[in-house]
Each structure stands twice: as structure tokens, then as C-alpha cells.
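Final position of the sequence shown in my numbering is 1069; the numbers increase by one with none missing. Idealized CB from N, CA, C, for every residue including glycine. A short write-up of the structure that comes next.
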Amino acid sequence: MCGIAGIFAFTETGKRTLPLAGNAVSPLKRRGPDADGIYMSETACLVHTRLSIIDTSESGSQPFTDDSGRYTLIFNGEFFNYEEYRDKLLTEGVQLHSQSDTEVLLHLLIRHGEKAIPMINGFFSFAFFDKAAETMIVARDRFGIKPLYYYCDHDRFCFASELKGLKEFDIPTQPDHASLRIFFHLNYIPDPWTAYEGVKKLDPGTYFKISVPQTVQESYYTPNSDGRWIGDYREASDSLASVLEDSVKLRLVSDVPLGCFLSGGIDSSVIAALASKHTSHLKTFSIGFADEPYFDETKYARLLAKKHHTDHTEFSLRTKDLLGVLDEVLEYPDEPFADSSALAVYILSRETRKHVTVALSGDGADELFGGYNKHAAELRASAYTSYSKLAKSFLPVLDLFPSGRNSFISNKARQAKKFISGLQLTAADRYWDWAGFADENSNYLEPGAEYMHRRNELTKTIDSSDFNTVLKADVRMVLAGDMLTKVDRMSMANSLEVRCPFLDYRVVDLAFSMPSSFKIDSQNRKKIVKDTFASLLPAELLNRRKQGFEVPLLKWFRADLKNRLDHEVFNEKMIRDQGILDADKVLNVKKQLYSSNPGDAAARTYALLSFQSWYKSNFH
């Protein structure tokens, strides 16, 4: 796990900016605190900061250049199946100087070019430079587990693992209004866009092939998604058991201490249970909320840890702990990002890093196997649309009940209102509505043609007759843009590598080859996951309702952070002076936040706080 950055120059003007790449070392140091290196040629500069995981010796340091001096690679991530290719290279007479996966990938790219990318089972971003041909391949893993930001103009192509590194290259940083409108709907900015005009993320499963005449983006992977499983449910379950266990085994390879996140939910519990079969005294780590029993899941994590005899560590947080990292969490992504559970993930990563350098997680299962509340709601909506007018008549009754996310009853009222409103919409519009935190009319920016184009791009594949298209949209948008972004940024801020066994491409292809009925029905979500691994899980955990990994925002905003909000978020003069947001709509959120019916006002307020933190850091 590392940080990478670089420049490929097209013109003499671009060449004069090559030395700027060295400035990226410092802002990327948390991603790679163990070592750093710089490669420079007449047309390219490559930068690497290293977090040593496999072959921790100096021989694994990067940038990695072959013996001829022609080819150089910088690699961020893990190539889990590298040993099989290492053996092949050795039998072919290739002389290798390290035990690292990076050197194996370098030689595969020398031999096969971009055709080597699908050989990698793992997660990554990398840049491979051919000095003689003056070409570069820049690639990102299949699902966007590792980030890669880029900027390209007439003079150069620049890239970095994080925006804070890319900005060292003196690139334009004007706010992108279409991205900001999307952010205020989703609370994150989905790939390939960023908060800055002209700055993008490389799409998952794609690569750039760059040369002086042109820059071409190509796709090397899309999930197998025909939903035509040949076999019965039991055979699919057996295949899932085999492939996921092998994925976990692959991800246990490490030359440094390794453990598992254990939230108390199904997904991380399955991963920890499988890992414990292949690791004695597996270390597991959980986080709980001492002040908020409604949000605390540690008792379920303890049950799993006891069943599988793991070396379990529990971190009990109080409000002051979470508030103490608020500014760090808001600032580290370097663009607006308002998934408030990032606060807990940051502290979990920080505390876990004191014990291990690598942690396995359960990320990806909800998106692949239909684990979210909105998935169950969509399944019902597909059947209930003929009753939409009748259901709409219940909305005035529901308005009598307070709605919000801070208690079981208020959350159910919130969900019911959203469900009935969604019945009036098409499948694509309903997906967009349920992915967000407010209706389109409440957004603080005008929509515009570019916003509508992006919204349509993100929802265009959704087909109401095929539930797998909803899950595919989640993998494309929610998983890459929110969940994986959250885990990557918060873990890397603490120099911790997180691995996701559910996102082995073999697991993903298997999941999308199954009919959706194997995954979700009127009674169960993640049905095949629960059935397949039931024997590994405590009954109390298996039968519990899903609990989101959230933090008690509403209480904070009404007490601990009230004065800060008045100054930084709901300051009418400041908002009007900025000239970006609709001040009246912002102040309406304030009214809702302090009302008896807050709805999603707390989540929307957190988005405003995230935006203002970003704006203050970049434009003041």
C-alpha cells in the first residue's frame, strides 16, 4: 500500500513542470510512511511513497526500474496472485531481484503491455513508463478500491493517489458546480468526477495509454452480469463458499501483522470467521459507542469473536472522541465528502494500526448481494407500483409522525415517507431519489444540463425488470464513490492497509451470474450469504436486523456543535458572499434541524459542514 504521483509531458512547457512532481511526496506520506523515491526522465517524472507490506526489504522499494533502464513502474496496492506468475517468470529465465509483487508486475507489463492488467487479482493503481517508446500506461483496479486522480491538458498528463498530491502540480482548481450539486444530493461525488473542473478520477476497470500524440482511455473489465446461473441454489451456495474462502486465504498473505475489522454485522463476521480458519489467534477489532446504545453493535462482534476464538480488541468511543477527529476527517479527502460514519472508521483505523498494518473488511457484500434497506424497498416497489396512488394518500398521516435517523421509530417513519414518494417515480428516478438525502427541489444549486447528463449516466442502466441492474448501479456509484472512498481515505490517513475479500473479481462475477432471487426476496436480504455461512455465525447475529454504521449527528448539532454551525454553516452573510449556494434553502435546513420532525436534516447539515470546510481550505 502506497502513494503514487507523476507527470507525463507532451510539450516543452510540460517538461518544465516535471520537477513539481517531487512536491507530491510530502502530502502522500501518510499513504507511504516507510520510504519514498523519485524517477525522472526527459518526458516523465514518477513519485512513490511506500507502506511496506510484502518484501519489506529495500529491494522492494519503488520506483522500480528493470535492468535495462528502459521500463519503470510505480504501484499502489496488492497483486495477490503474483507468486504464480513469479514462478513462470523464473522458469522463463527472468532474473528477479526481490520477493515483491511489484517486480513481477513490472515484467508482466514489459512482456504483455496492457494485456497484463487483467492478470492481477487484487487492488491497485499504477503507472508503467516505457522510456524508449515514450509511452505510459496508467491503470486502476476493477472496482475502484484504490484511487487515482488525474488532470490532462495540451502540455501534460498529471496523476496522483490523492487530490492533495495532484494539486502540487499547479493545476487549475475551480469548483465544479455540477459535481457540487451531485454532492449535495448523495453526500459524496461519484466517479469519474471531482469537486474541481477538469480534474477527474480514473474510472474503475479502465486504463490510460498515453503517448505524445494522444491519450486513450480503455476498459479492461466489466462484471459478468447476465444473471444466468447454470445450476441450482445449492450449487451457487457451494461455489460462493469455495470462492470467498479462497479470496480470504489470498488476502492473508502479508509480511507484516494482519487482522480483521469486526463490526458485528453479517459481512465482516463472515470474513473474520473464514480468516480464523487459516490464521491462529486472528486479531479482530471492533468499535462501539459508549454514549449511544442505539448505534452500538459490539455485543454481536463479541459473540463472533468468542465463537471463533479470535484475539479480540474493542474500542469504546464517547462523543468527545468522535468530535476530536472531526476536522481531520473533514479535511483529509480534500474535497467534500459527508459520509459521517467516516468518523468512526477513522478512529477504528487509527486504533487498529497500533496493533497491525493490514486489516480485512466486509466491504462490498451489501452492493453485490442486496443488503441495503433501499434494496428491500425497491423489490417491494416493483410489486406495489399499481397501488402508488392509494399509498400516496397515507403521506399526510405519516407527516404527523416525527422522522429522522436517531431512533428506531423515527427512522421507520422517515423510510415509510421515502418509500411512498418513490412509488410515484420510474425505476431510474426512484433509484436516484433513494440514493440521496433530499428531493431535487431542495438542492442548493441549480441543476443545469451537465448535472442532468451526469445523473442520467449514473442511472441509465437501471431496468425495473432486472434487479441485478440496481446492484450493478450500486457497485458503480455507491461502492466506488462512497464506501470504498471512505475506507481508503480514513485507513490511509492512519497508514493502514484494508483488504476486501468480497471484491475479488471472481466473487463479483459469481454474484452477478446469479439471479437476484438467490440474493434477495420478500423475507431476506443477502439471502445466499446468510445461508452459505450460517454455520459460522452465532444465531443472534444471523437473525438480527441490519444496523447502519452511523454516528449520532442530530444530538451533536443540537448541542456540542450548535455554535459552530451558526458560524460556519448557517451564516447567511457568508453564504450570500460565496455566491454558490441558495441561502434560503440552506436556512430551511436549519429550521428543519431544530424542529420536532428533523427527517434527514442532520445528514444534510453534515454535508454543508463538509462543503464549508473544503471551501475554507481551498478558496479563502
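- prompt: For R994, which option in K975, F734, F982 has the closest C-alpha, if you only look at C-alpha atoms?
  reply: K975
query: Among the residues of its own chain, which have a CB less than 7 Å from the CB of S1066, if the five just before and after it don't count?
result: E780
Buried versus exposed, by CB contacts within 10 Å (16 or more), V705: exposed
query: If we count the other Cβ atoms within 10 Å of its Cβ and call it buried at 16 or more, is H497 buried or exposed?
result: That one is buried.
- request: Take Y488 and list the residues in its own chain whose beta-carbon comes closer than 6 Å to its own, dropping the five residues that flank it on each side.
  value: Around Y488: L495, P512, T521.
query: For R479, which residues of its own chain have a beta-carbon under 7 Å away from its beta-carbon, when the five flanking residues on both sides are left out?
result: M941, A942, S944
field: Nearest to S717 (by Cα), restricted to the options V702, S735, L707
entry: S735
task: Buried or exposed for Y743, please, with buried defined as at least 16 other CB atoms from any protein chain shown within 10 angstroms of its CB.
output: Exposed, because fewer than 16 other Cβ atoms sit within 10 Å of the Cβ of Y743.
message: Assuming contact is defined by CB atoms lying nearer than 8 Å, are D812 and Y821 in contact in what I supplied?
response: no
field: Short Cβ contact (8 Å threshold) for F572 with G614
entry: One thing to note: F572 has its Cβ no nearer than 8 Å to the Cβ of G614.
message: Here's the rule: buried if 16 or more other CB atoms are within 10 angstroms of the residue's CB, otherwise exposed. What is T918?
response: Label assigned to T918: buried.
message: According to DSSP, simplified to helix, strand and coil, what is T643?
response: coil
field: Short Cβ contact (8 Å threshold) for L554 with F529
entry: no
message: For a quick check, are the C-beta atoms of A929 and H634 less than 8 Å apart?
response: no
- prompt: Using the rule of at least 16 other Cβ atoms within 10 Å of the residue's Cβ for burial, across every protein chain shown, is S1014 buried or exposed?
  reply: Per the sequence shown, the amino acid found at residue 1014 is Leu instead of Ser. Sixteen is the threshold: when 16 or more other Cβ atoms of the shown chains lie within 10 Å of the Cβ of L1014, as they do, the residue is buried.
Simplified DSSP assignment, three categories, for I977: The three-state reading of DSSP puts I977 in helix, counting H, G and I together.
- prompt: Quick one: Cα of T460 to Cα of F618, how far?
  reply: 16 Å
query: Quick one: what does DSSP say S574 is sitting in, helix, strand or coil?
result: Secondary structure at S574: strand, using DSSP grouped into helix, strand and coil.
field: Secondary structure of I502, DSSP reduced to three states
entry: coil
message: Using 8 Å as the threshold, is the C-beta distance between V924 and L817 below it?
response: The criterion of a C-beta distance shorter than 8 Å is satisfied by V924 and L817.
- request: With a cut-off of 8 Å on the beta carbons, I'd call I594 and L933 a contact; round off their distance for me.
  value: 5 Å
query: Of the choices A493, D1026, I715, whose alpha-carbon is the least far from that of L752?
result: I715
task: Please report the Cβ distance between T664 and C601, rounded to the nearest whole angstrom; I am assuming they are in contact, meaning their Cβ atoms lie under 8 Å.
output: 6 Å
query: Looking only at C-alpha atoms, which of Q1041, D695, A739 sits nearest to T768?
result: A739
- prompt: How about L952 and F524: do their beta carbons lie closer than 8 Å?
  reply: no
message: Let's see if you can read the secondary structure: which residues bound the beta strand (DSSP E) around M939?
response: M939 -> not in any beta strand (DSSP E); alpha helix (DSSP H) instead, spanning 933 to 941.
task: Taking L522 as part of the beta strand (DSSP E), name the residues at either end of that continuous run.
output: 520 to 528
task: To the nearest angstrom, report how far apart L874 and D970 are at their CA atoms.
output: Rounded to the nearest whole angstrom, the C-alpha separation of L874 and D970 is 22 Å.
task: Output the distance between the C-alpha atoms of C709 and M1023, rounded to the nearest integer angstrom.
output: 44 Å
- prompt: Apart from the five residues just before and just after R955, which ones in its own chain have a Cβ nearer than 6 Å to its Cβ?
  reply: V692
query: In chain order, what residues of the same chain have a beta carbon less than 7 Å from the beta carbon of K650, not counting five sequence neighbours either side?
result: Excluding residues within five positions, the ones whose Cβ falls inside 7 Å are P596, L597, Y598, D640, P641, T643.
message: In the DSSP output, which residue or residues are listed as bridge partners for Q666?
response: F657
- prompt: For the alpha helix (DSSP H) that contains F734, what are its first and last residues?
  reply: Unbroken run through F734 is the beta strand (DSSP E), 732 to 738; no alpha helix (DSSP H).
field: Given L772 as reference, the closest of Y637, R560, A793, A565 once Cα atoms are compared
entry: Comparing Cα positions, the closest option is A793.
- prompt: Excluding the five sequence neighbours on either side, which residues of its own chain have a C-beta within less than 7 Å of the C-beta of R904, listed in chain order?
  reply: W881
task: Please list, in chain order, all residues of the same chain as H761 whose beta carbon is under 6 Å from its beta carbon, the five residues on each side excluded.
output: T733, A754
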